[in-house]
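Just so you know, my numbering puts 324 at position 306 of the sequence shown, and the rest follows in order with no gaps. Where a beta carbon is used, it is the ideal one built from N, C-alpha and C, also for glycine. Before any comments, here is the structure.
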Amino acid sequence: MLSLIYAATLNGIDASIVELETYISSGMPVFSIVGLPDIAVKESRDRVVAAIKNSMFDFPTKKITVNLAPADIKKEGGIFDLPIALCILAAIGKIKKENLKKFCAVGELSLEGKIRRVKGVLPISLALQKNNIKDFIVPFENRQEASIAGTANIFPFKTLGEVVQFINSETFIDSYKYDDTESFNNPITNEYDFSDVKGQKSAIRAAEIAASGGHNLLMSGPPGSGKTMIAKRIPSILPPMTFEESVETTKIWSVVGGGFCGGLIKTRMFRNPHHTSSAIALAGGGPYPKPGEVSLAHNGVLFLDEFAEFKRDTLEILRQPLEDKKITVSRAKNSFTFPASFMLVAAMNPCPCGNLGHREKYCVCTPLQINKYRSKISGPLMDRIDIHVEVLALKLSELTDLGSVSESSANIKERVGRARQIQNDRFLKTKIYSNAQMQSKEIKKYCVLNKSAYEILKMSMEKLKFSARSYDKILKVSRTIADLDGVQSISANHVAEAVKYRFSDRNPI
Ligand SMILES: Nc1ncnc2c1ncn2[C@@H]1O[C@H](COP(=O)(O)OP(=O)(O)O)[C@@H](O)[C@H]1O
Ligand SMILES: [Mg+2]
Ligand SMILES: [Zn+2]
């Protein structure tokens, strides 16, 4: 007596289909699961037995063999409880076998037969589409992510008993259709607005330019000047995510599980890992590799506060994602690649005491201490940050000025959107999509300076002793500033502003 159903397993943020078969024969009552299942799958035996009994079915006292194929993929967790239970019930004739075999089912069972939500339902839904499997039985709580993308018919259920009735056609339900308006529990909503920030015009302007050209941003300034406040508001001025970006971001959260349970994520993420975070927390990893902070920030902002306090080897993790927009996590046997395309926003004090450049307080650090502090961030990492801006302490009068009104995020976002559109057109049919990603070839082509702009750049290079590396960055940022102005040619004022954002290439901040 053999019965079949599809199940699924995760590799990184993708899923693959597993074929599950159950064979029941007479003999000693043994219930075994084969196909290299891990401890978690073995535990599922106990849950399956209890759930079947508590759903008012007899558990067969026969020899039961459940086989998961292919055998060589690592399978995690309670995700197989539901398909195993269904397959056993089919093998003993409680479910019509011929009805069962077209379904894929996922879900963890409680001892009383309720179906609990599982991780990775969105990637599984996409894998079903690829494998041409049409009907997907999911835990009720996972119904929204199951139905965001892909073409499968989604059938959500709360208990094992309901699923049995449905497969036996004793009840009829329509497949679930994604409802964007249904409330769901997304990990963030963007409640921050730039209109809350007083003063700090030049830092906000730098954030606008960074958001426009996809540049990474470093803010340096004394504690309490508003660096964290500004960073938190950057997602509110980034352009809306495309559907594809939303699906990618949601896939990552679907695999991580945690608090996420719901529909399409449309807001850009803001991740703010603490400076004591480990390299694994940032990069991702673990026995079943999970995305780290760099991937949770995918399509959004990765904010590293107290940048100089991060351990050096933790920061080095950032180099691959900053270059390739993805991160590879290697395990003993295999490796996974997670998407990790984020805007890096970093903040640091200007010196160990934090008062350098303060209007009213004195810095007590020696030049040597200041240099040592700054050199904690490696050259190659600094190299990937195009815009450095000083955030000075607010004057008391600025903070208490009730009359001053700052610009709203919506206004800034509109300008950013226009600048991005210019770049979309410029880089159409190429592999890059923002000014920050330009390499020498594109810089030569798109960053042509007029005569006065060139003079300014030459003079700055000589006078401020900028390195050759700064040169390209100034050109790229000038291009973005000209795009914000909506003009083709880069002129002196664009270059002069871009030069300001290389202040830390000069002597100590
Ligand atoms: N420019 C500002 N406008 C309004 N409030 C500010 C500003 N700068 C600082 N604050 C207030 O001070 C608090 C600390 O600011 P924060 O952004 O954490 O500073 P930093 O990150 O530079 O140390 C904020 O929560 C806010 O209440
Ligand atoms: Mg802060
Ligand atoms: Zn100091």
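DSSP bridge partner residues for Ile35 (one or two, in chain order): Your numbering for residue 35 matches position 17 in the sequence shown. DSSP, once it has assigned bridges, lists Ala26 as partnering Ile35.
At the level of alpha carbons, what is the spacing between Asn525 and Arg392? The sequence position of residue 525 within the sequence shown is 507, counting from 1. The sequence position of residue 392 within the sequence shown is 374, counting from 1. With a pLDDT of 45 at Asn525, under the threshold of 50, the predicted position of this residue should be treated as unreliable, though the coordinate-derived value follows. Each residue's alpha carbon lies about 11 Å from the other.
Counting C-beta neighbours from all protein chains within 10 Å, is the total for Ser264 16 or more, i.e. buried, or is it exposed? Here the question's residue 264 lines up with position 246 in the sequence shown. With 16 or more other Cβ atoms within 10 Å, it is buried.
Where does Leu410 fall in DSSP's three states? Counting from one through the sequence shown, the residue named residue 410 turns up at place 392. It is coil, neither helix nor strand.
With the cut-off set at 7 Å, would you say Phe121 and Asp153 are in Cβ contact? Here residue 121 corresponds to residue number 103 of the sequence shown, with the count starting at 1. Here residue 153 corresponds to residue number 135 of the sequence shown, with the count starting at 1. Yes, the Cβ-Cβ distance between Phe121 and Asp153 is below 7 Å.
Residue range of the beta strand (DSSP E) that Pro157 falls in? Position 139 of the sequence shown, counting from 1, holds the residue named residue 157. Counting along the chain, the beta strand (DSSP E) containing Pro157 begins and ends at 153–157.
For Leu340, collect the residues of the same chain with a Cβ closer than 6 Å to its Cβ; drop the 5 residues on either side in sequence, then sort them by chain order. Position 322 of the sequence shown, counted from the start, is the residue given in the question as residue 340. Excluding residues within five positions, the ones whose Cβ falls inside 6 Å are Arg402.
Assuming Thr346 is part of the beta strand (DSSP E), what are its boundary residues? Taking the first residue of the sequence shown as position 1, residue 346 is located at position 328. From DSSP, the beta strand (DSSP E) with Thr346 extends over 344–348.
Distance, Cα to Cα, Pro240 vs Gly275? Position 222 of the sequence shown, counted from the first residue, corresponds to residue 240. Position 257 of the sequence shown, counted from the first residue, corresponds to residue 275. Near 37 Å, if we compare the C-alpha coordinates of Gly275 and Pro240.
Just checking Leu412 against ligand 1 - is the residue's beta carbon closer than 6 Å to any of the ligand's heavy atoms? Residue mapping note: residue 412 aligns to position 394 of the sequence shown, counting from 1. True, at least one ligand heavy atom lies under 6 Å from that Cβ.
Spatial neighbours of Ala514 within its chain, please: CB distance less than 7 Å, with the 5 preceding and 5 following residues excluded, ordered by chain position. Your numbering for residue 514 matches position 496 in the sequence shown. Result list for Ala514: Ile474, in chain order.
Could you spell out the range, first to last residue, of the alpha helix (DSSP H) harbouring Met247? The residue labelled residue 247 in the question sits at position 229 within the sequence shown. First-last of the alpha helix (DSSP H) with Met247: 245–251.
Whole-angstrom Cβ separation of Val124 and Leu146, contact assumed at under 8 Å? Position 106 of the sequence shown, counted from the first residue, corresponds to residue 124. Position 128 of the sequence shown, counted from the first residue, corresponds to residue 146. About 10 Å separates the two Cβ atoms, so there is no contact after all.
From the DSSP output, which residues share a beta bridge with Thr177? Your numbering for residue 177 matches position 159 in the sequence shown. Its beta-bridge partners are Lys132.
Quick one: what's Val48 bridged to in DSSP? Numbered from 1 along the sequence shown, position 30 holds the residue referred to as residue 48. Val48 is bridged to Lys81.
Would you grab the beta carbon distance between Tyr210 and Ser254 for me? Rounded to a whole angstrom, and I think it's under 8 Å. For the purposes of this step, residue 210 is taken as residue 192 along the sequence shown, with counting starting at 1. For the purposes of this step, residue 254 is taken as residue 236 along the sequence shown, with counting starting at 1. Confirmed, about 6 Å.
Just to confirm the assignment: which complete beta strand (DSSP E) runs, minimum length 3, are found wholly within the segment 331–392? 344–348, 353–357, 361–366
What residue from Val67, Ala87, Lys114 has the CA that sits closest to Leu127's CA? Against the sequence shown, residue 127 aligns to sequence position 109. Nearest option by C-alpha distance: Val67.
Which class does Thr189 belong to by DSSP, given the choice of helix, strand or coil? For this step, residue 189 is matched to residue 171 along the sequence shown. Coil, per DSSP.
Counted within 10 angstroms of its Cβ, other Cβ atoms place Gly302 as buried (16 or more) or exposed: Locating residue 302 in the sequence shown gives position 284, where the first residue counts as 1. Per the 10 Å Cβ criterion, buried.
From Lys284 to Glu425, what distance separates their C-alpha atoms? In the sequence shown, counting from the first residue as 1, residue 284 sits at position 266. In the sequence shown, counting from the first residue as 1, residue 425 sits at position 407. For Lys284 and Glu425, the distance between alpha carbons rounds to 23 Å.
For Ile31, the nearest candidate out of Ser452, Lys80, Ser272 (CA to CA): Reading the sequence shown from its first residue, position 13 is the one you call residue 31. Residue Ser272 is the option with its Cα nearest to Ile31.
Would you decide whether Ile57 is buried or exposed? Buried here means 16 or more other CB atoms lie within 10 Å of its CB. Sequence index remark: in the sequence shown, residue 57 carries index 39 (1-based). Classification for Ile57: exposed.
Going by DSSP, what residues sit across from Thr267 in a beta bridge? In the sequence shown, residue 267 corresponds to position 249, counting from 1. Answer is none; Thr267 lacks a bridge partner.
Taking Cys122 as part of the alpha helix (DSSP H), name the residues at either end of that continuous run. Position 104 of the sequence shown, counted from the first residue, corresponds to residue 122. Where Cys122 is concerned, there is no enclosing alpha helix (DSSP H), although the beta strand (DSSP E) it sits in stretches over 121–123.
Pick from Leu20, Gln387, Asn511 that is closest to Ser470, judged by C-alpha positions: Your numbering for residue 470 matches position 452 in the sequence shown. Checked all of Leu20, Gln387, Asn511; the closest Cα to Ser470 is Asn511.
Would you check whether ligand 2 has a heavy atom nearer than 6 Å to the C-beta of Thr246? The residue labelled residue 246 in the question sits at position 228 within the sequence shown. It does: the Cβ of Thr246 is within 6 Å (strictly closer) of some heavy atom of ligand 2.
Mind checking Gly361: buried by the 16 CB within 10 Å criterion, or exposed? Position 343 of the sequence shown, counting from 1, holds the residue named residue 361. With the sequence shown as reference, residue 361 is identified as Met, and Gly is not the correct amino acid for it. So Met361 counts as buried.
Quick check on DSSP: helix, strand or coil for Asn511? Locating residue 511 in the sequence shown gives position 493, counting from the first residue. DSSP places Asn511 in helix when its eight states are reduced to three.
Could you tell me which of Lys250, Tyr489, Ala25 sits nearest to Val35, measuring between CA atoms? For the purposes of this step, residue 35 is taken as the residue at position 17 of the sequence shown. At residue 35 the sequence reads Ile, which differs from the Val that was named. Of the listed residues, the one whose Cα sits closest to Ile35 is Ala25.
Have a look at the DSSP bridge pairing and note the partners of Tyr194. Taking the sequence shown and counting its residues from 1, the one referred to as residue 194 is at position 176. Partner(s): Ile172.
Along the chain, where does the alpha helix (DSSP H) that runs through Val319 open and close? Position 301 of the sequence shown, counting from 1, holds the residue named residue 319. First-last for Val319: 319–322, but that is the beta strand (DSSP E), not the alpha helix (DSSP H).
Within 10 angstroms of the Cβ of His316, are there 16 or more other Cβ atoms? Answer buried if so, exposed if not. One-based indexing of the sequence shown puts residue 316 at position 298. Buried: at least 16 other Cβ atoms inside 10 Å.
Just the residues with CB closer than 6 Å to a heavy atom of ligand 3, in chain order, which are they? Cys369, Pro370, Cys371, Asn373, Leu374, Cys381, Val382, Cys383
Rounded C-beta distance between Glu94 and Leu28? I'm assuming under 8 Å. Residue numbering aside, residue 94 sits at position 76 when the sequence shown is read from its first letter. Residue numbering aside, residue 28 sits at position 10 when the sequence shown is read from its first letter. At roughly 7 Å, the Cβ-Cβ gap stays under 8 Å, so Glu94 and Leu28 are in contact.
Could you name the residues of the same chain whose beta carbon sits closer than 6 Å to that of Gln183, not counting the 5 residues immediately before and after it, in chain order? Position 165 of the sequence shown, counting from 1, holds the residue named residue 183. Excluding sequence neighbours, Gln183 sits near Thr189.
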